[in-house]
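Chain order of the listed sequences is A and B. The first sequence begins at 1 in the working numbering and counts up by one. The second sequence begins at 1 in the working numbering and counts up by one.
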Amino acid sequence: MKPSGRRLRSLLLVVGLSMFALTGCNSAKYMPVLSPQGPVARSEYYLIIWSFALMLVVVLGVFVIYFYMLVKYRARPENKDYVPPEIEGNSRWETIWTLIPVIIVIALAIPTVAVTYKLVKPPKADAATGSTATAGASSNPIVIDVISERWKWVFKYPAQGIETVNYVNIPAGQPVDFELTSDGPMNTFWVPALGGMEFNMPGHDLKLWLEADHAGTYQGRSAQYSGRGFAAMTFDVNAQSPAAFTKWVQTIKQTKPPLTKQADKQLSTPGNVGKMAFSTAEPQ
Amino acid sequence: MHFFMLDEGPLIWTSDVLIILATIGIIAVLSYFKLWKWLWDNWLTTVDHKKIGIMYLIAAILMLFRGGTDGLLLRAQLSWPNMHFLNADHYDQIFTTHGTIMILFMAMPAIIGFFNVAVPLQIGCRDVAFPYLNAISFWLFFAAAMLFNLSFVVGGSPDGGWTSYTPYVENAFDPGPGENYFLVALQITGIGTIATGVNFLVTILRMRAPGMTLMRMPMFTWSVFITSIIIVFAFPVLTVALALLLIDRDFGSHFFTVSAGGMPMQYVNLFWIWGHPEVYIVILPAFGIFSEVFSTFSRKRLFGYSAMVVSMVAIAILSFVVWVHHFFTMGAGPGVNSFFGVSTMAIAIPTGVKVFNWLFTMHKGRLEYTTAMLWAVGFIPNFLIGGLTGVMLAVPPADYQYHNSYFLVSHFHYVLIGGTVFGVFAALYYWWPKMFGVLLNERLGKWHFWLFMIGFNICFFPMYFLGFMGMTRRVYTYPAGYGWGVINLIETFGALLMGIGFLVFAFNILWSARYGERDTTGDPWDARTLEWATTSPAPTYNFARIPEIKGRDAWWLMKKNGESINGPKDIPFEPIHMPNDSGRPIIMSLFFFIAGAGFVFEWWILAIIGLAGVLVTMALRSFEYDDHHYIPVEEIEKTEAAAGRL
Numbered sequence: 001m002k003p004s005g006r007r008l009r010s011l012l013l014v015v016g017l018s019m020f021a022l023t024g025c026n027s028a029k030y031m032p033v034l035s036p037q038g039p040v041a042r043s044e045y046y047l048i049i050w051s052f053a054l055m056l057v058v059v060l061g062v063f064v065i066y067f068y069m070l071v072k073y074r075a076r077p078e079n080k081d082y083v084p085p086e087i088e089g090n091s092r093w094e095t096i097w098t099l100i101p102v103i104i105v106i107a108l109a110i111p112t113v114a115v116t117y118k119l120v121k122p123p124k125a126d127a128a129t130g131s132t133a134t135a136g137a138s139s140n141p142i143v144i145d146v147i148s149e150r151w152k153w154v155f156k157y158p159a160q161g162i163e164t165v166n167y168v169n170i171p172a173g174q175p176v177d178f179e180l181t182s183d184g185p186m187n188t189f190w191v192p193a194l195g196g197m198e199f200n201m202p203g204h205d206l207k208l209w210l211e212a213d214h215a216g217t218y219q220g221r222s223a224q225y226s227g228r229g230f231a232a233m234t235f236d237v238n239a240q241s242p243a244a245f246t247k248w249v250q251t252i253k254q255t256k257p258p259l260t261k262q263a264d265k266q267l268s269t270p271g272n273v274g275k276m277a278f279s280t281a282e283p284q
Numbered sequence: 001m002h003f004f005m006l007d008e009g010p011l012i013w014t015s016d017v018l019i020i021l022a023t024i025g026i027i028a029v030l031s032y033f034k035l036w037k038w039l040w041d042n043w044l045t046t047v048d049h050k051k052i053g054i055m056y057l058i059a060a061i062l063m064l065f066r067g068g069t070d071g072l073l074l075r076a077q078l079s080w081p082n083m084h085f086l087n088a089d090h091y092d093q094i095f096t097t098h099g100t101i102m103i104l105f106m107a108m109p110a111i112i113g114f115f116n117v118a119v120p121l122q123i124g125c126r127d128v129a130f131p132y133l134n135a136i137s138f139w140l141f142f143a144a145a146m147l148f149n150l151s152f153v154v155g156g157s158p159d160g161g162w163t164s165y166t167p168y169v170e171n172a173f174d175p176g177p178g179e180n181y182f183l184v185a186l187q188i189t190g191i192g193t194i195a196t197g198v199n200f201l202v203t204i205l206r207m208r209a210p211g212m213t214l215m216r217m218p219m220f221t222w223s224v225f226i227t228s229i230i231i232v233f234a235f236p237v238l239t240v241a242l243a244l245l246l247i248d249r250d251f252g253s254h255f256f257t258v259s260a261g262g263m264p265m266q267y268v269n270l271f272w273i274w275g276h277p278e279v280y281i282v283i284l285p286a287f288g289i290f291s292e293v294f295s296t297f298s299r300k301r302l303f304g305y306s307a308m309v310v311s312m313v314a315i316a317i318l319s320f321v322v323w324v325h326h327f328f329t330m331g332a333g334p335g336v337n338s339f340f341g342v343s344t345m346a347i348a349i350p351t352g353v354k355v356f357n358w359l360f361t362m363h364k365g366r367l368e369y370t371t372a373m374l375w376a377v378g379f380i381p382n383f384l385i386g387g388l389t390g391v392m393l394a395v396p397p398a399d400y401q402y403h404n405s406y407f408l409v410s411h412f413h414y415v416l417i418g419g420t421v422f423g424v425f426a427a428l429y430y431w432w433p434k435m436f437g438v439l440l441n442e443r444l445g446k447w448h449f450w451l452f453m454i455g456f457n458i459c460f461f462p463m464y465f466l467g468f469m470g471m472t473r474r475v476y477t478y479p480a481g482y483g484w485g486v487i488n489l490i491e492t493f494g495a496l497l498m499g500i501g502f503l504v505f506a507f508n509i510l511w512s513a514r515y516g517e518r519d520t521t522g523d524p525w526d527a528r529t530l531e532w533a534t535t536s537p538a539p540t541y542n543f544a545r546i547p548e549i550k551g552r553d554a555w556w557l558m559k560k561n562g563e564s565i566n567g568p569k570d571i572p573f574e575p576i577h578m579p580n581d582s583g584r585p586i587i588m589s590l591f592f593f594i595a596g597a598g599f600v601f602e603w604w605i606l607a608i609i610g611l612a613g614v615l616v617t618m619a620l621r622s623f624e625y626d627d628h629h630y631i632p633v634e635e636i637e638k639t640e641a642a643a644g645r646l
């Protein structure tokens, strides 16, 4: 039996897994949360990194003490007669290790509260978030209603008067106010590359604003389990330049059929469907 | 046809066959060896806390097997993109039963089992305050566990997740008996748990041996005391939530349905007002166990005893003011989210104090790496990772990105397995000789530890990255091209290692029962607290004479001063007052089972028969006058002499 050999092996395992993790961090394709594509996701990403750094300090500190204790004070034949002292405690040390977590919690709580308040509404001017606004984009948010049906995503554009299913086009560089509700069980609306999620609840209208820095397609899904078809409840978010977005709205209006009562009924029937688009937002 | 789910395919058929074979096997063995009377007299009717504790633990290990098999099925289904091993319905049912069984029918009975095994012995008393009620608690849990497991082959399992959020679980979206099983089984076991909370609260407050002041109690007893308080405050909330939802489903009310003005979020609030304290109900006793194990195998008293107590009290209070962190994404506004975020982070402070106190318990000690100690030592890094990712989850804006993702799945498995399950294993190896008079094999124990620990990390560590990659919990399959496949495959391999570790443990139990080293001393670890002062296993009356307590680590002090547990030799023993065994608790729980089945299937005649039976058994109890006996002095002397303690 060689306890030290085993310990070394498990240490190597931990280091190996961390290396594996770090190589994955740069991959925008596979780790949307760690490669933010918009101001909301970016502020959340900075908080994630900051909290991770603080926690890493704790892990390293504790691990050093931990392995020191395990190795130094292990029972060996040489210290067979050693009688450990009966120590009651040590108020100085105990105060220190109460204060350290207090300081760490404060260091985490202050930016947490600041960002929590900051993310409620899009900032008035784009410059405040440092986003690289695409030319021609407005800083006024565009409003899109998001309704989760069983098990599909319905997007209504009140100002544009169109409706899409399982995909949503948005102008890049402009905040989007998603108004979330549900016609059925709860779901959450999550586009990891653009920012965190929010519940879709029946009878409620929750708001979530997101913004994409530049044109691109981002994966979205529901994170709140809602039944049989939940796993396939995904959608695409296509961020386009404002000009392309306006053109896209025109194309939908001209080429897609109006939303009939029959089609609307089909959407509220449980089941998964493919992508759809309609030239009106209200059933006719 | 559908009622017995014979149209559900080979998985159910195999289960049916196995259940029938197992039942026939058990009946045959009991009949062949003429064990029915023995079983009834010694176990089914017992009110002895030690035997009830053992029954809790046997049930918990069986449920660990069931929940673990569920987990392996889930991992098999997820191990590659586009798998079709399970369909969506089966997967949904299995993740629901996996979570429910692991938390309520594995973790809870396991820790309550150790309440029973250790607490009365640690505080130097002869039984819990209400032994008869204790038996009822156990049998209610058992009836509920059986009812819940029945759902797998009769009528279909619940599929709303262990949190069972409304409105999905309302009849409109989730008809059938499955969800009723969840509601009724949790309700029945919840009644038993509240009774356990009351029982141990009173036991610890009123039954301590003379001289055992609160600040002289062993740390495990302290953790049980605080846990009991949390139980008494938290479980009634669950009772209300489940009752309202069952009334919605069975009688058509609209507490949680939007269509008639109900509020689904109210269920979510009630669930987590119970649910968050619940996670501390299962972790605080594990903290108590680790405190005992660290101090015993470091051969030192616990470092910072008072700070440990204060930390646990702080954790208990904070556990009631953090529940919103389970749904930061409900749009509650920045003020509410900030408050609950910071209150959640604050839990890290008392927890951190405890971790440092454990580390410094080892400082200047002489650490013996027995299997029990290995589980305790393994707990620190794993729980640390789980706890610190918990702090990361407490940051509301960051939580918008983690919520319901695999990051979360990994976090709670790290704290629940790295904390509670490691604690249960530590306690099993530690108290096994006290329960059965036999030590578990150390070599097999170490295989169990390393296989399980390494498998656990391989299974759950990569999940943090799956969370960043956008994988959400409860998806039954996923398309190729996300990069999730290989990671999931690695995790499944880790889960298999954990399963093999569990099998080694099961083999260890069987091997040790036959060949294990007998514990003739009653104190195989040279331990510090009072349960090690009795023989292994302890006699029915625990202590022939109630010991006088002169300080913390009472048994260590007695050993140092050369005192006997039976006190000075010249004082004669006195007859010991003990409660009578009773078959009524198990019969009452049978009626609860019948009533429960009635509520599950909405067969009101069955429900009325069951409830009437419950009332009758209760009424009969109040007319029972001959409910105790005295153990005569000769019998005590004979038992003590046989143990070599006269």
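All residues carry an ideal CB built from backbone N, CA and C; glycine is no exception.
Let's test the definition: count the other Cβ atoms within 10 Å of the Cβ of residue i and tell me whether it reaches 16, buried, or not, exposed.
i	result
residue 498 of chain B	buried
residue 561 of chain B	exposed
residue 515 of chain B	exposed
residue 159 of chain A	exposed
residue 13 of chain B	exposed
residue 250 of chain A	exposed
Does DSSP classify residue i as helix, strand or coil?
i	result
residue 525 of chain B	coil
residue 156 of chain A	strand
residue 269 of chain B	helix
residue 546 of chain B	coil
residue 161 of chain B	coil
residue 98 of chain B	helix
residue 199 of chain B	helix
residue 79 of chain B	coil
residue 149 of chain B	helix
residue 134 of chain B	helix
residue 540 of chain B	coil
residue 639 of chain B	helix
residue 492 of chain B	helix
residue 617 of chain B	helix
residue 46 of chain B	coil
residue 200 of chain A	strand
In the DSSP assignment, what are the bridge partners of residue i?
i	result
residue 222 of chain A	A:189
residue 438 of chain B	B:518
residue 629 of chain B	B:578
With three or more beta-carbon pairs closer than 8 Å as the criterion, would you say the stretch 138-158 of chain B touches the stretch 220-237 of chain B?
As far as the Cβ criterion goes, the stretch 138-158 of chain B does not touch the stretch 220-237 of chain B, which means the pair count is below three.
Meets three-Cβ-pair contact criterion under 8 Å: the stretch 79-86 of chain A and the stretch 325-332 of chain B:
The stretch 79-86 of chain A is not in contact with the stretch 325-332 of chain B.
Tell me whether the stretch 468-481 of chain B and the stretch 441-460 of chain B touch, counting them as touching only if at least three CB pairs, one residue from each stretch, are closer than 8 Å.
No, the stretch 468-481 of chain B does not touch the stretch 441-460 of chain B.
Return the chain-ordered ranges of every beta strand (DSSP E) run that is complete within the stretch 137-198 of chain A and spans a minimum of 3 residues.
Positions of the beta strand (DSSP E) runs, each at least 3 residues long and wholly inside the stretch 137-198 of chain A, are given as 142-149, 152-157, 162-165, 167-171, 176-182 and 187-191 in order along the chain.
Pairs of beta-carbons, one from the stretch 225-244 of chain A and one from the stretch 154-167 of chain A, closer than 8 Å: are there three or more?
Contact check between the stretch 225-244 of chain A and the stretch 154-167 of chain A: three or more CB pairs, one atom from each, fall below 8 Å, which counts as touching.
Just list the alpha helix (DSSP H) runs in the stretch 293-373 of chain B, keeping only unbroken ones of 4 residues or longer that don't cross its boundaries, in chain order.
Runs of the alpha helix (DSSP H) inside the stretch 293-373 of chain B: 305-318, 334-346 and 348-362.
Whole runs of the beta strand (DSSP E) within the stretch 568-612 of chain B, excluding any shorter than 3 residues
Within the stretch 568-612 of chain B, the runs of beta strand (DSSP E) that reach at least 3 residues and sit entirely inside it are, in chain order, 576-579.
Write down every uninterrupted run of the alpha helix (DSSP H) in the stretch 205-278 of chain A whose length is 4 residues or greater and which is fully enclosed by it, in chain order.
With a minimum length of 4 residues, the continuous alpha helix (DSSP H) runs that stay inside the stretch 205-278 of chain A are 242-255 and 261-268.
Residue ranges of each alpha helix (DSSP H) within the stretch 390-442 of chain B, 4 or longer
396-402, 406-415 and 422-436, all fully within the stretch 390-442 of chain B.
Can you list the beta strand (DSSP E) stretches of 3 or more residues lying completely in the stretch 221-260 of chain B, in chain order?
As far as the stretch 221-260 of chain B is concerned, it has no whole beta strand (DSSP E) run of at least 3 residues.
Going along the chain, which residues of the stretch 230-244 of chain A sit with their C-beta nearer than 8 Å to a C-beta in chain E?
Within the model displayed, chain E is absent; protein chains A and B are what it includes.
List in chain order: all unbroken alpha helix (DSSP H) runs of 4+ residues lying wholly within the stretch 67-138 of chain A.
Taken in chain order, the complete alpha helix (DSSP H) segments of 4 or more residues contained in the stretch 67-138 of chain A are 91-118.
At least 3 beta-carbon pairs within less than 8 Å: the stretch 525-545 of chain B vs the stretch 102-121 of chain B
Because the criterion of three Cβ pairs below 8 Å is met, the stretch 525-545 of chain B and the stretch 102-121 of chain B touch.
Quick test of the definition: if touching needs 3 or more C-beta pairs under 8 Å, does the stretch 551-571 of chain B touch the stretch 206-220 of chain B?
The stretch 551-571 of chain B, when compared against the stretch 206-220 of chain B, does touch it at the 8 Å Cβ threshold.
Measuring CB atoms only, is the stretch 255-272 of chain B touching the stretch 202-209 of chain B, in the sense that at least three cross pairs come out at less than 8 Å?
No contact exists between the stretch 255-272 of chain B and the stretch 202-209 of chain B.
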